[in-house]
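>
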Amino acid sequence: MSFSQELYRDFAILIGQFLKEEFQGGGIVEISASDRDLIAVMRRYFAAQAELESLKAQLEAARQAAGEAIGVFYDRRRNAEHAADLQRSHRLREEMASLMQRAEAWGRAASGADEHDRSAAEGEPEE
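In case it helps, this note's numbering puts the sequence shown at residues 220 to 346.
(1) Between Ala-257 and Ala-322, how many whole angstroms is the CB-CB distance? I'm expecting something under 8 Å.
(2) Please report the Cβ distance between Lys-275 and Ser-251, rounded to the nearest whole angstrom; I am assuming they are in contact, meaning their Cβ atoms lie under 8 Å.
(3) Relative to the C-alpha of Asn-298, which residue among Glu-314, Ala-281, Arg-312 is closest?
(4) Let's see if you can read the secondary structure: which residues bound the alpha helix (DSSP H) around Ser-273?
(5) Measuring straight from C-alpha to C-alpha, what distance separates Met-261 and Ser-330?
(6) Kindly list the residues whose CB is nearer than 8 Å to the CB of Leu-271, restricted to its own chain and excluding five residues on each side of it in sequence; keep chain order.
(7) Just how far apart, CA to CA, sit Ser-273 and His-301?
(8) If we call anything under 7 Å between Cβ atoms a contact, is Leu-305 one with Arg-296?
(9) Going by the CB atoms, is the gap between Leu-318 and Arg-263 shorter than 7 Å?
Structure follows, in structure tokens:
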């Protein structure tokens with residue numbers, strides 16, 4: 220499993236726990252500022268992903284309707300009619316990559332903190 224796949228899984232667990240406690244009678248959930256930041260980043264990531272998938276479907280339908288070759292249709296310089304949508308799809312991809320880098324950095328920091336906590340716990344003398 221790749222780091223990104225693990226991050227998706229961890230994010231799903233975090234959101235699941237939050238929703239379970241928040242909306243199933245658990246009251247207000249204490250959530251760290253760091254976790255709230257991650258949730259905001261991942262919400263934006265998934266919103267951008269949904270927007271990109273919709274845009275890609277629209278562009279591909281337009282390409283097929285026009286009967287254009289892939290290389291011609293998806294070249295912004297040669298397809299003025301769809302250039303704005305093509306540019307938007309590139310910006311969404313870049314935004315998604317940036318958001319995933321932020322989420323992965325959060326995951327690495329959280330993983331490092333967990334390792335530090337485990338090491339500290341192992342080093343503590345038992346009573």
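For every residue, glycine included, the Cβ atom is placed at its ideal position computed from N, Cα and C.
Checking against the coordinates, here is how it stands:
(1) Along the sequence shown, read from residue 1 onward, the residue named residue 257 stands at position 38. Along the sequence shown, read from residue 1 onward, the residue named residue 322 stands at position 103. The amino acid at residue 257 is misidentified as Ala; the sequence shows Leu. Here Leu-257 really is in contact with Ala-322; their C-beta atoms are around 6 Å apart, less than 8 Å.
(2) Your numbering for residue 275 matches position 56 in the sequence shown. Your numbering for residue 251 matches position 32 in the sequence shown. Rounded, the Cβ-Cβ distance is 35 Å, inconsistent with contact.
(3) Walking along the sequence shown from the start, residue 298 turns up at place 79. Closest option to Asn-298, Cα to Cα, is Ala-281.
(4) Residue numbering aside, residue 273 sits at position 54 when the sequence shown is read from its first letter. Residues 252 to 285.
(5) Along the sequence shown, one-based indexing puts residue 261 at 42. Along the sequence shown, one-based indexing puts residue 330 at 111. Roughly 18 Å between the two C-alpha positions.
(6) Looking up residue 271 in the sequence shown gives position 52. Here the set comprises Ser-308, Leu-311, Arg-312, Met-315.
(7) Along the sequence shown, read from residue 1 onward, the residue named residue 273 stands at position 54. Along the sequence shown, read from residue 1 onward, the residue named residue 301 stands at position 82. For Ser-273 and His-301, the distance between alpha carbons rounds to 14 Å.
(8) As a position in the sequence shown, residue 305 is number 86, starting the count at 1. As a position in the sequence shown, residue 296 is number 77, starting the count at 1. Not in contact: Leu-305 and Arg-296 (Cβ atoms no closer than 7 Å).
(9) If you number the sequence shown from 1, residue 263 lands on position 44. If you number the sequence shown from 1, residue 318 lands on position 99. Leu-318 is positioned such that its CB atom lies closer than 7 Å to that of Arg-263.
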